[in-house]
Amino acid sequence: MLMRKLVYVVLLIILGGCISPSPSLEDIHQRVAKQVEVLIDSGYLLTTYIEIDEVFSTDSNSLYYIGESDSPGSDGAELPSRVIKYKERYLCFIELDEPEMSRTELFERGFVSDSNFHENLCLNRGRDWLLALRKYEDKHILVKMLPNYYRLFEYPELWSYFSGDIPQEKTALMGLTSHDIIVPSSYIPDLFELEIDSLKNYVERFSGEIFVRNQTDSVLLLSRNSARSMCYAVINGPDTLKLVLRDSLPVAIAPHDFKSLKYDSEPPHSFLQNLPDKDIWMSMYKLFSDSTFCFLNINNIPQKFRIMHNDAVYSSDLRDSLSKRVRYIYNKGVYDKEERIRRFFKWD
44 MLMRKLVYVV
54 LLIILGGCIS
64 PSPSLEDIHQ
74 RVAKQVEVLI
84 DSGYLLTTYI
94 EIDEVFSTDS
104 NSLYYIGESD
114 SPGSDGAELP
124 SRVIKYKERY
134 LCFIELDEPE
144 MSRTELFERG
154 FVSDSNFHEN
164 LCLNRGRDWL
174 LALRKYEDKH
184 ILVKMLPNYY
194 RLFEYPELWS
204 YFSGDIPQEK
214 TALMGLTSHD
224 IIVPSSYIPD
234 LFELEIDSLK
244 NYVERFSGEI
254 FVRNQTDSVL
264 LLSRNSARSM
274 CYAVINGPDT
284 LKLVLRDSLP
294 VAIAPHDFKS
304 LKYDSEPPHS
314 FLQNLPDKDI
324 WMSMYKLFSD
334 STFCFLNINN
344 IPQKFRIMHN
354 DAVYSSDLRD
364 SLSKRVRYIY
374 NKGVYDKEER
384 IRRFFKWD
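As structure tokens, this is what we get:
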């Protein structure tokens, strides 16, 4: 008995040393605040209010947008979940999965002189920043936003913080930017009543776009690999879901230019059978994020690599095949943005 207890104690010590405690949101906010304070002290942020939006939060990383503001409300008409005061400045955190403070609370705590304030209407968009952090490591990167980048994952400094594979030394930067859920038109009357956990019973296909940027000084040619029966696919162990391009191949992309390729998946019913019924969409979203592969020829060279994922996509469209009705499906834990906007403007 004594020996058995000793074994348990040793196992607990070993496992305890391997498992890092999950960082609290307050810890994350303090790390973000330190970087914002540096920007303020360096003269890069000049307004009384600083908008700090959570862009995404994965299992291991977080990305925040930082910009000037003339209001505690965001430019997307959301209220902060937390405000940190620093040198007569107010750092306003807009979180994806945290309840908002009320206008009354912001007034009573002295963050505003009048509770009837507007959303962020600050027009100076030359002082915007992106801050990416590792949740379980003391690592981060602060990047100034640039007007010539159309997608967040175009910033090379941020590549390692996104899901998927890092496109280092690859001729093409590829990223999955959307994955909508398409149902038969017969579901049009019931679209807003469909249970997302019953996805496998009614989904017809997935549809979306893949962003491709040519990272070279010469023309990039995308063509079909005759040895394979697919261009892109989501892989889950032995299961494969093909993503069929709607664009005709080959596709030529000028030096440092980009294109968005539209795709439709094959019918996903058999692929979905091995996914759990509970939170099935989040399981599928995770596979889109981590396990989408390219099998094209690039400049006549066969490829097989994971593409990046735009983790800033926190919702997908659930729509009928005729696109007559659209319903937003937010990722688990993400608050309904439309509801927040209505509440901000006090719409019925």
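Basically my numbering = 1-based index in the sequence shown + 43.
Glycine included, each C-beta is placed from N, C-alpha and C at the ideal position.
Whether residue i touches residue j by CB criterion (8 Å)
i, j, result
"residue 176", "residue 186", "no"
"residue 149", "residue 109", "no"
"residue 308", "residue 292", "no"
"residue 93", "residue 111", "yes"
"residue 98", "residue 87", "no"
"residue 235", "residue 194", "no"
"residue 121", "residue 383", "yes"
"residue 331", "residue 219", "yes"
"residue 183", "residue 78", "yes"
"residue 105", "residue 178", "yes"
"residue 387", "residue 212", "no"
Chain-order list of residues whose beta-carbon lies under 8 Å from that of residue i (same chain, five-residue window excluded)
i, result
"residue 321", "240"
"residue 197", "216 and 256"
"residue 126", "115, 133, 134, 135, 136, 144, 149, 152 and 154"
"residue 164", "113, 114 and 118"
"residue 52", "In this prediction, residue 52 has a pLDDT of 43, which is less than 50 and means its spatial position is unreliable; nothing more can be read from the coordinates."
"residue 367", "228 and 231"
"residue 46", "With a pLDDT of 48 at residue 46, under the threshold of 50, the predicted position of this residue should be treated as unreliable, though the coordinate-derived value follows. Excluding positions up to five away in sequence, the list is empty."
"residue 365", "228 and 231"
"residue 392", "A query on residue 392 cannot be resolved here, the shown segment of the chain reaching from 44 to 391 and no further."
"residue 48", "Low per-residue confidence applies at residue 48: pLDDT is 46, beneath 50, and the placement is therefore not dependable, though the value from the model is reported in the following sentence. No residues qualify anywhere along the chain."
"residue 129", "76, 79, 80 and 83"
"residue 71", "105, 176 and 178"
"residue 343", "264 and 266"
"residue 377", "139, 140, 357 and 358"
"residue 201", "106, 173, 175, 184, 186 and 195"
Among the options, the one whose alpha carbon lies nearest that of residue i
i, options, result
"residue 358", "334, 247, 381 and 336", "381"
"residue 102", "366, 362 and 333", "333"
"residue 323", "372, 235 and 120", "372"
"residue 246", "263, 201 and 231", "231"
"residue 336", "210, 294, 367 and 375", "210"
"residue 351", "105, 203, 146 and 117", "203"
"residue 100", "356, 369 and 362", "356"
"residue 298", "69, 160, 264 and 207", "264"
"residue 338", "287, 262 and 84", "287"
"residue 192", "305, 66 and 301", "301"
"residue 171", "305, 261 and 89", "89"
"residue 271", "279, 262, 283 and 261", "283"
"residue 279", "65, 328, 84 and 262", "328"
"residue 281", "262, 200, 318 and 207", "318"
"residue 313", "244, 389 and 201", "244"
With 16 other Cβ atoms within 10 Å as the buried cut-off, status of residue i
i, result
"residue 354", "buried"
"residue 259", "exposed"
"residue 131", "exposed"
"residue 248", "buried"
"residue 60", "Low per-residue confidence applies at residue 60: pLDDT is 48, beneath 50, and the placement is therefore not dependable, though the value from the model is reported in the following sentence. So residue 60 ends up on the exposed side."
"residue 233", "exposed"
"residue 152", "exposed"
"residue 180", "exposed"
"residue 379", "exposed"
"residue 276", "buried"
"residue 385", "exposed"
"residue 169", "exposed"
"residue 311", "buried"
"residue 96", "buried"
"residue 226", "buried"
"residue 304", "buried"
"residue 369", "exposed"
"residue 75", "buried"
Contacts around residue i, its chain only, beta-carbon distance under 6 Å, and the 5 residues preceding and following it disregarded
i, result
"residue 345", "268"
"residue 223", "250, 251, 359 and 360"
"residue 54", "For residue 54, the predicted model reports a pLDDT of 43, less than 50, meaning its position is unreliable; a value from the coordinates is still stated below. For residue 54, where only same-chain residues beyond five positions count, there are no Cβ hits under 6 Å."
"residue 11", "There is no way to answer for residue 11, as the model of the chain reaches only from 44 to 391."
"residue 294", "265"
"residue 207", "349, 350, 351 and 352"
"residue 160", "114"
Cβ-Cβ separation, residue j to residue i (assumed contact under 8 Å), whole Å
i, j, result
"residue 139", "residue 242", "That pair is no contact at about 22 Å."
"residue 214", "residue 341", "6 Å"
"residue 363", "residue 228", "5 Å"
"residue 158", "residue 146", "4 Å"
7 Å Cβ shell around residue i - same chain, five flanking residues per side excluded
i, result
"residue 375", "322 and 325"
"residue 289", "305, 306 and 307"
"residue 205", "196, 351, 352 and 354"
Min CB distance residue i to chain C below 8 Å
i, result
"residue 307", "In the displayed structure, chain C is absent; only one protein chain is listed."
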